[in-house]
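Chemist:
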Amino acid sequence: MYFTHACRAATALTLLATTAAYADTITIATVNNGDMIRMQGLTDDFTVKTGHEVEWVTLEENVLRQRVTQDIATKGGQFDIMTIGMYEAPIWGANGWLVPLDDLSAEYNADDILPAMRNGLSHDGTMYAAPFYGESSMVFYRTDLMEQAGLEMPEAPTWEFIREAALAMTDKENEIYGACLRGKAGWGDNMAFITSMANSFGARWFDEDWQPQFDSAEWQEALTFYLELMEEAGPPGASGNSFNENLTLFNQGKCGMWIDATVAASKLTDPSESVVADKVGFALAPNKDGVDKRGNWLWAWALAVPAGTQNEGAAKAFIEWATSNQYIELVASKEGWANVPPGARVSLYENEEYSKIPFADMTLKSILSADPNNPTVEPVPYTGVQFAAIPEFAGIAGQVGQEFAAAVAGQQSAEAALEKAQAITAEEMEAAGY
Amino acid sequence: MARTVTTNRKIINTAAAWAVGLLIFFPILWTILTSFKTEAVAVADPPVFLAFDWTLDNYRTVLERSNYARFLMNSIIIAGGATLLGLLIAIPAAWSMAFVPSRKTKDILLWMLSTKMLPAVGVLYPIYLIFIRLGLLDTRTGLIIVLMLMNLPIIVWMLYTYFKEIPGEILEAARMDGASLKDEILYVLTPMAIPGIASTMLLNFILAWNEAFWTLNLTAAKAAPLTAFIASYSSPEGLFFAKLSAASTMAIAPILILGWFSQKQLVSGLTFGAVK
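Those sequence lines, one after another, are chains A and B.
Going by the UniProt record's numbering, the first residue of the first sequence is number 1, and it counts up by one from there.
Going by the UniProt record's numbering, the first residue of the second sequence is number 1, and it counts up by one from there.
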């Protein structure tokens, strides 16, 4: 008897010692948003299961981008996991900067990841980052204002309908604006919206020979439409508005419609944040009548392991934990289904409980309708819906975004903005050797 | 008559000083007020000034989410270390420039100041690579060295200005009494320049405390000071203004308190030698 107890004690000690010996501390760089903060709060579950400790470095999105790019390009080795997006994953994967995530365990069920997300985070068929949550964009509208206007929002509206509804809803004297759209310069700000919108007019950034296409009729039509809509039905100072500014306006009851990231849905329908929480409707992003592409983007915040990390095993274990179905269930059990990270796994949308969330169905439809390999009508040499996944894009789109924002501010015409965009892009692409 | 004019002028000057003071302080006051609001009230339109339900929830959330004590400790060590190390190097340098100047002293002073004209981002990558090689990334030592170097020109310039005000004859007398160079600097010059050294120290401590470029770029989890703490509450996708304000208030509170208690020394030091 005594011997048995002694053996058990020895085994337990050995197991403990082994766990301690293999326990690592991993450092994760991430962005500051609701889903990521929730994950930080639940990290204890991962530590209990694996013994690994986690240290978080939370940064504002733009600071994070610059910080992790600088670290990975110089092999600084500051982070074991980086939170990156669909733009970075294929480029960094191709550069050999990331550890391939092709050996995740069978329980993880990688086949359950939404194909659009998986493709967007892969290079040559190898996934380099696992999606923590995914998003597309859609139309949020005020059901009461739409009713007052005597209109009914179809599930899949056209731009022409959006314009008609925006004009009918706009009441500038009472500070109600029919169309709240992004105008603030930045490749992830106004350019994400305008590029997606341009796709739905049949425009594209480059032809198959990497020649810039801002001088095309499609771009002219898309940008003119956008500028006119902003002038007729947009809020004042729209050239400084991006996600947060429009979210604030909508939550204050000042927007008739807002076209932006699907993740906004949970914030707009939260009565503690919004005065119009019970008057929000959802629709697919618009298209131009006759064009078979909608103006919705596709994005994922994903977790990736930089090549050369000393803690690859623990980092992969964390990614398996954080992007698994079990994690989704953990969040649902603690904070309800409305707060689970959306847009990453097929099975979430087959879940009965989740399907009761009012915006779940529209979010999935939006994500599924975006195709990063064929973002617009004509073929393109790049992947990405609201961006072109080439290293030069962020810099070029930043400059082009400035020109488009200046046009929103009334400082130049659509023609002048497009002419400059064409010149900037042509020059940068030539210098990059395309 | 003359007295009335003087009194009126005093009133106008006082009112103007208060107006400018309030204008400068208003953003800080607004940040402090916002930290006690809910997220919805923080972005309310029209803005709510005082008539809202005050809440401590933001502070509670921030304290639960972040290890404030660690960020604070890093800030104190980094800002304090950079300031002290800077003084250690700058006092002898300023002494030599003030009391035994050469023909090139003015040029050296100007050259030192010119290093401040280079945008920090211009040397980010070289310094980042050097830090990787030396294993200084995400260490307090690394940041102390960088921030000391960043502020060194200002420290030398300020001390040089103060030392120039001290009559050289006093040091000469000390020398005649047999004081060594060390004794001269430690026991004669330093005590006389205490107000100047104190204000230099305070100003550089504040500069190092608020420095956000290098502290964000050269740290990760271990050596991150309060600037990184604030940055972790900024977000372009989601409204966290009230929490961001709470984090900002917690980050600036120590330096505000320090500034409040030492304002006399700070002002006397900064205006030292201004009127002759």
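Here a beta-carbon is modelled for each residue, glycine too, at the ideal position from N, C-alpha and C.
Taking only beta-carbon atoms, is A:E60 less than 9 Å away from chain B?
Modeler: The residue given as residue 60 of chain A occupies position 60 in the first sequence. Taking Cβ atoms only, chain B reaches closer than 9 Å to A:E60, which makes this a yes.
Chemist: How would you write the range of the beta strand (DSSP E) that A:M138 sits in, first residue to last?
Modeler: Working through the first sequence from its first residue, we reach residue 138 of chain A at position 138. Annotation for A:M138: the continuous beta strand (DSSP E) segment containing it runs A130 to R142.
Chemist: Residue range of the beta strand (DSSP E) that A:D260 falls in?
Modeler: Translated into positions along the first sequence, residue 260 of chain A becomes position 260. Its beta strand (DSSP E) spans residues C255 to A261.
Chemist: Can you tell me where the beta strand (DSSP E) holding A:M82 begins and where it ends?
Modeler: The residue you call residue 82 of chain A lines up with position 82 of the first sequence. Here the beta strand (DSSP E) through A:M82 covers I81 to I84.
Chemist: Scan the region 231-255 of chain A for residues whose Cβ lies nearer than 7 Å to a Cβ of chain B and list them as they occur along the chain.
Modeler: Cβ proximity to chain B below 7 Å picks out S242, F243, N244, L247, T248 and Q252 from the region 231-255 of chain A.
Chemist: On the CB-based measure, 16 or more other CB atoms within 10 Å of its CB, does B:R133 come out buried or exposed?
Modeler: The count along the second sequence starts at 1 and reaches residue 133 of chain B at position 133. Counting Cβ neighbours within 10 Å, B:R133 comes out exposed, since fewer than 16 surround it.
Chemist: Within 9 Å of any Cβ in chain B, is that where the Cβ of A:T74 sits?
Modeler: Position 74 of the first sequence, counting from 1, holds the residue named residue 74 of chain A. Cβ-Cβ to chain B under 9 Å: yes for A:T74.
Chemist: Between B:L159 and B:A90, which are expected to be in contact by the criterion C-beta below 8 Å, what is the C-beta distance as a whole number of angstroms?
Modeler: In the second sequence, residue 159 of chain B corresponds to position 159, counting from 1. In the second sequence, residue 90 of chain B corresponds to position 90, counting from 1. Confirmed, about 5 Å.
Chemist: Check A:M127 in the structure and name its three-state DSSP category.
Modeler: Position 127 of the first sequence holds residue 127 of chain A. It is a strand residue.
Chemist: Ends of the beta strand (DSSP E) at residue 488 of chain A?
Modeler: This structure gives no information on residue 488 of chain A, because the portion of chain A shown stretches from 1 to 434.
Chemist: Since B:Y128 is in the alpha helix (DSSP H), which residue starts that stretch and which ends it?
Modeler: Within the second sequence, numbered from 1, the residue matching residue 128 of chain B stands at position 128. L124 to L134 is the extent of the alpha helix (DSSP H) around B:Y128.
Chemist: With burial defined as no fewer than 16 other Cβ atoms inside 10 Å of the residue's Cβ, what is the status of A:K254: buried or exposed?
Modeler: Start at 1 with the first residue of the first sequence, and residue 254 of chain A comes out as number 254. Buried: at least 16 other Cβ atoms inside 10 Å.
Chemist: Could you tell me if B:F261 is buried or exposed, where buried requires 16 or more neighbouring beta carbons within 10 angstroms of its beta carbon?
Modeler: The count along the second sequence starts at 1 and reaches residue 261 of chain B at position 261. B:F261 comes out exposed.
Chemist: If the cut-off is 8 Å on Cβ atoms, which residues from the region 18-52 of chain A count as contacting chain B, listed in chain order?
Modeler: Residues of the region 18-52 of chain A with a C-beta atom less than 8 Å from some C-beta of chain B are T27, A29, V31, N32, N33, G34, I37, Q40 and G41, listed in chain order.
Chemist: Between A:S196, A:E419 and A:G186, which has its C-alpha nearest A:S366's C-alpha?
Modeler: As a first step, residue 366 of chain A is located in the first sequence; it is residue number 366 there, counting from the start. For the residues A:S196, A:E419 and A:G186, the minimum Cα distance to A:S366 belongs to A:S196.
Chemist: Apart from the five residues just before and just after A:A21, which ones in its own chain have a Cβ nearer than 8 Å to its Cβ?
Modeler: As a first step, residue 21 of chain A is located in the first sequence; it is residue number 21 there, counting from the start. For A:A21, the pLDDT reaches just 49, beneath the cut-off of 50, and the residue's location in the model is therefore unreliable, although a value from the coordinates is still provided. Same-chain partners within the cutoff: there are none.
Chemist: Would you mind sorting B:E211 into buried or exposed? The rule is 16 or more other CB atoms within 10 Å of its CB.
Modeler: In the second sequence, counting from the first residue as 1, residue 211 of chain B sits at position 211. By the neighbour-count rule (16 or more Cβ atoms within 10 Å), B:E211 is buried.
Chemist: Does B:F36 have its Cβ less than 9 Å from a Cβ in chain A?
Modeler: Within the second sequence, residue 36 of chain B is the residue found at index 36, counting from 1. No, no contact with chain A.
Chemist: Would you list, in chain order, the members of the region 112-130 of chain B that have their beta-carbon closer than 9 Å to a beta-carbon of chain A?
Modeler: L124, Y125, Y128 and L129
Chemist: Assuming B:I78 is part of the alpha helix (DSSP H), what are its boundary residues?
Modeler: Start at 1 with the first residue of the second sequence, and residue 78 of chain B comes out as number 78. Unbroken alpha helix (DSSP H) run through B:I78: Y68 to F99.
Chemist: Shortest alpha-carbon distance to A:H123 belongs to which of A:Y382, A:A423, A:G410 and A:A432?
Modeler: Mapped onto the first sequence, residue 123 of chain A falls at position 123. Comparing Cα-Cα distances from A:H123 to each of A:Y382, A:A423, A:G410 and A:A432, the minimum goes to A:Y382.
Chemist: What first and last residue would you give for the alpha helix (DSSP H) that runs through B:V62?
Modeler: One-based indexing of the second sequence puts residue 62 of chain B at position 62. First-last of the alpha helix (DSSP H) with B:V62: D57 to R65.
Chemist: Suppose only complete runs of 4+ residues qualify. What are the alpha helix (DSSP H) ranges in the region 216-258 of chain B, listed by chain order?
Modeler: 226-231
Chemist: With A:E428 as the anchor, note down where its alpha helix (DSSP H) starts and where it stops.
Modeler: By 1-based counting over the first sequence, the position of residue 428 of chain A is 428. Element bounds for A:E428: A414 to A431.
Chemist: Do you know how far the Cα of A:A417 is from the Cα of A:L227?
Modeler: Counting from 1 along the first sequence, the entry for residue 227 of chain A is found at position 227. Counting from 1 along the first sequence, the entry for residue 417 of chain A is found at position 417. About 11 Å.
Chemist: Which residue marks the beginning of the beta strand (DSSP E) containing A:W56, and which one marks its end?
Modeler: On the first sequence, residue 56 of chain A is found 56 positions in, with the first residue counted as 1. Going by DSSP, A:W56 is part of the beta strand (DSSP E) stretching over E53 to L59.
Chemist: Taking 9 Å as the threshold (beta carbon to beta carbon), is B:D57 in contact with chain A?
Modeler: Residue 57 of chain B sits at position 57 when you count from the first residue of the second sequence. Not an interface residue.
Chemist: On the DSSP letters alone, give me the boundaries of the beta strand (DSSP E) that A:V48 sits inside.
Modeler: Taking the first sequence and counting its residues from 1, one reaches residue 48 of chain A at position 48. Premise fails: A:V48 lies in the alpha helix (DSSP H), T43 to T50, not in any beta strand (DSSP E).
Chemist: Please state the DSSP three-state secondary structure of A:A21.
Modeler: Position 21 of the first sequence, counting from 1, holds the residue named residue 21 of chain A. Any answer about A:A21 is weak, because its pLDDT of 49 lies below 50 and its placement is not dependable; what the coordinates show is given next. It is helical.
Chemist: Which residues, in chain order, does the region 151-174 of chain B contribute to contact with chain A at a C-beta distance below 9 Å?
Modeler: none
Chemist: Starting from the C-beta of A:V275, find all residues in its chain whose C-beta is less than 7 Å away, skip the five residues before and the five after it, and write them out in chain order.
Modeler: Taking the first residue of the first sequence as 1, we reach residue 275 of chain A at position 275. The answer, listed in chain order, is N251, Q252 and G253.
Chemist: My output table needs one value for A:N119: the three-state DSSP class, helix, strand or coil.
Modeler: Within the first sequence, the letter at position 119 stands for residue 119 of chain A. A:N119 falls in the helix class under three-state DSSP.
Chemist: When Cβ atoms are compared, which residues of the region 41-53 of chain B fall closer than 9 Å to chain A?
Modeler: Listed by position along the chain: V43, A44 and D45.
Chemist: What residue ranges within the region 214-294 of chain A form continuous beta strand (DSSP E) runs of no fewer than 3 residues, ordered along the chain?
Modeler: 255-261 and 280-284
Chemist: For A:D189, I'd like the list of residues in its chain whose CB is within less than 6 Å of its CB, leaving aside the five on either flank, ordered along the chain.
Modeler: The residue given as residue 189 of chain A occupies position 189 in the first sequence. Result list for A:D189: R182 and S242, in chain order.
Chemist: Considering only their Cβ atoms, is the gap separating A:S324 from residue 442 of chain A smaller than 9 Å?
Modeler: An answer regarding residue 442 of chain A cannot be provided, because it is not within the stretch 1 to 434 covered by chain A.
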